[in-house]
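Working notes for the structure below.
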Amino acid sequence: MHHAPLTAAEMGNLWNFYMANTMSRCMLSHFLANVEDPEIRSLLTESDKLSRHIIDRVTALLGEEGVPLPEGFRAEDVQAEAPRLFSDTFYLQYLDMMYKLGGIYYAITLSNISRMELRRWITKLSAAALELSNTITELMLNKGLYIRPPVIPPTEQGYVHRERFLAGFFGDKRPLSGVEISQVFANLQFNSIKTALVTGFSQVARTDEVRDYFLRCKMINIKQTTILSKLLVQDDLPATLPSQFQITKSTVPPFSDKLMLFHVSNLSSAKVRNWGDSLAVSPRHDLGADYERNLMETMKFADDGAKLLIERGWMEQPPQAPEREKLRAGE
0 MHHAPLTAAE MGNLWNFYMA NTMSRCMLSH FLANVEDPEI RSLLTESDKL
50 SRHIIDRVTA LLGEEGVPLP EGFRAEDVQA EAPRLFSDTF YLQYLDMMYK
100 LGGIYYAITL SNISRMELRR WITKLSAAAL ELSNTITELM LNKGLYIRPP
150 VIPPTEQGYV HRERFLAGFF GDKRPLSGVE ISQVFANLQF NSIKTALVTG
200 FSQVARTDEV RDYFLRCKMI NIKQTTILSK LLVQDDLPAT LPSQFQITKS
250 TVPPFSDKLM LFHVSNLSSA KVRNWGDSLA VSPRHDLGAD YERNLMETMK
300 FADDGAKLLI ERGWMEQPPQ APEREKLRAG E
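Quick note on numbering that gives the first Met the number 0: the sequence shown kicks off at 0 and runs consecutively.
Take a look at the structure:
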């Protein structure tokens with residue numbers, strides 16, 4: 000059978016898998032050292048097993064192709080026995096957010112993969128992530144922690160006959176559609192968890208520059224949350240997410256500044272995709288303007304995070320095409 004080399008998409012995504020899962024294992028090791036709830040511990044353990052499996056598989060796949068592994072994140076990036084920084088409830092909500100992001104990423108990755116062995120493997124990863132996501136949702140429901148999106152009454156079937164459906168800046172605005180409500184609510188949930196994460200990270204960051212970056216993220220999240228909440232309130236829909244995340248008083252860093260900065264920068268990049276998705280399915284013009292503004296602001300923030308990683312010597316170079324001009328010049 001013909002053995003085709005890894006495509007750029009395959010190599011790049013495997014490289015990203017390795018970086019993300021070495022980071023995840025560091026996060027999970029600290030969570031596991033502090034978790035008290037046995038059901039949440041079980042989910043953390045299963046998540047750690049999945050990350051370890053992905054790391055081992057990527058190591059083998061890239062090794063077969065002679066592709067050097069990134070350094071990723073290692074034992075020196077986590078102090079597992081450091082005092083607890085987040086509550087068990089946060090661990091559960093954090094897992095829920097990460098599996099939602101993972102499900103999207105697996106789907107996007109699969110669309111660019113041509114090797115059948117990789118397609119089958121990523122399909123299995125996606126199924127495993129979805130199953131864990133279902134288990135997390137069920138546990139949150141059982142514990143009374145699951146926050147349901149707003150409910151709207153059923154409407155009659157019909158067609159749009161007025162441009163009011165698209166309007167939103169001036170005059171009479173139509174109510175939000177079901178899909179628009181779901182996007183606003185999902186973005187509010189994401190912001191809530193990310194705000195808790197960066198609040199904790201800012202409390203334990205070792206360097207002023209990194210701490211300031213986390214505090215800036217918190218302020219951006221709060222501003223964007225206010226904009227999104229107003230959209231729901233205008234339609235008499237619930238917009239307040241209960242604050243269920245407890246952050247301890249610990250100032251002992253469980254993670255390196257490198258890991259925390261990488262994590263927040265990556266979440267910001269994922270948020271850019273979320274804003275784009277919301278923009279694409281929200282025809283009301285004022286929503287589009289809000290999402291576009293939030294997208295540009297988040298892109299700038301993510302870019303500044305990447306620059307800070309580079310300045311600190313913490314950004315690893317991903318696989319990339321050869322610089323032909325330099326090769327031709329003999330450099």
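Quick reminder that beta carbons are idealized off the backbone N, C-alpha and C, glycines included. All values derive from a computational prediction rather than experimental measurement.
Taking 8 Å as the threshold (beta carbon to beta carbon), is T297 in contact with chain B?
Looking at the structure shown, chain B is missing, and only one protein chain is on hand.
The alpha helix (DSSP H) with K142 in it runs from where to where?
For the purposes of this step, residue 142 is identified with residue 143 of the sequence shown, where counting begins at 1. First-last for K142: undefined, no H or E at that position.
When burial is assigned at 16 or more other CB atoms within 10 Å of the CB, is A71 buried or exposed?
Translated into the one-based positions of the sequence shown, residue 71 becomes position 72. Strictly speaking, residue 71 in this sequence is Gly, with Ala absent from that position. When all chains shown are included, G71 counts as buried.
How would you write the range of the alpha helix (DSSP H) that A106 sits in, first residue to last?
Here residue 106 refers to the residue found at position 107 of the sequence shown. A106 -> alpha helix (DSSP H) spans D87 to L109.
Alpha-carbon to alpha-carbon, R323 and T88:
Walking along the sequence shown from the start, residue 88 turns up at place 89. Walking along the sequence shown from the start, residue 323 turns up at place 324. Going from the Cα of T88 to the Cα of R323 covers about 51 Å.
Excluding five sequence neighbours on each side, which residues of the same chain lie with their C-beta closer than 7 Å to the C-beta of K287?
The count along the sequence shown starts at 1 and reaches residue 287 at position 288. Correcting the residue identity first, residue 287 is Gly in this sequence and not Lys. L278 and S281.
In the DSSP assignment, what are the bridge partners of V77?
Here residue 77 refers to the residue found at position 78 of the sequence shown. In the DSSP output, where bridge partners are listed per residue, V77 has F254.
Same chain, Cβ closer than 7 Å to Y333, neighbours up to 5 away in sequence not counted
Because the chain here runs from 0 to 330, residue 333 falls outside it and cannot be looked at.
M10 to E63 span [Cα, whole Å]
For the purposes of this step, residue 10 is taken as residue 11 along the sequence shown, with counting starting at 1. For the purposes of this step, residue 63 is taken as residue 64 along the sequence shown, with counting starting at 1. Their Cα atoms are separated by approximately 12 Å.
If we call anything under 8 Å between Cβ atoms a contact, is L84 one with I246?
As a working note, residue 84 is residue 85 in the sequence shown. As a working note, residue 246 is residue 247 in the sequence shown. Contact flag set, yes.
Compute the distance between the beta-carbons of S28 and S50, then report whether it is under 8 Å.
To locate residue 28, count along the sequence shown from 1; it is residue 29. To locate residue 50, count along the sequence shown from 1; it is residue 51. For S28 and S50, no; Cβs fall outside 8 Å.
From N265 to A301, what does the alpha carbon distance come to, in whole angstroms?
Reading the sequence shown from its first residue, position 266 is the one you call residue 265. Reading the sequence shown from its first residue, position 302 is the one you call residue 301. Computed Cα separation, rounded: 8 Å.
From the DSSP output, read off the bridge partner residues of I246.
Within the sequence shown, the letter at position 247 stands for residue 246. In the DSSP output, where bridge partners are listed per residue, I246 has F85.
Return the chain-ordered list of same chain residues with a C-beta closer than 8 Å to the C-beta of L109, the five sequence neighbours on each side being excluded.
By one-based count along the sequence shown, residue 109 stands at place 110. So the qualifying residues of the chain are R118, I121, T122 and S125.
What's the call for K270, buried or exposed, on a 16-neighbour Cβ count within 10 Å?
What you label residue 270 is simply residue 271 of the sequence shown in a count that begins at 1. Under this definition K270 is a buried residue.
Enumerate in chain order the residues of its own chain whose CB-to-CB distance from K217 is below 8 Å, with the five nearest sequence positions on each side excluded.
For the purposes of this step, residue 217 is taken as the residue at position 218 of the sequence shown. For K217, where only same-chain residues beyond five positions count, the Cβ hits under 8 Å are T194, V197, T198 and S201.
Specify whether the region 203-215 and the region 87-102 touch according to this definition: at least 3 beta carbon pairs, one from each stretch, less than 8 Å apart.
no
In whole angstroms, what separates the C-alpha of K257 from that of K325?
Against the sequence shown, residue 257 aligns to sequence position 258. Against the sequence shown, residue 325 aligns to sequence position 326. Whole-angstrom Cα-Cα distance: 31 Å.
So S50 is in the alpha helix (DSSP H); what residue range does that whole segment cover?
In the sequence shown, the residue the question calls residue 50 occupies position 51. From DSSP, the alpha helix (DSSP H) with S50 extends over P37 to E63.
Excluding the 5 residues flanking S228 on each side, which residues of the same chain have their C-beta closer than 8 Å to its C-beta?
For the purposes of this step, residue 228 is taken as residue 229 along the sequence shown, with counting starting at 1. These residues qualify, in order along the chain: L187, A238 and T239.
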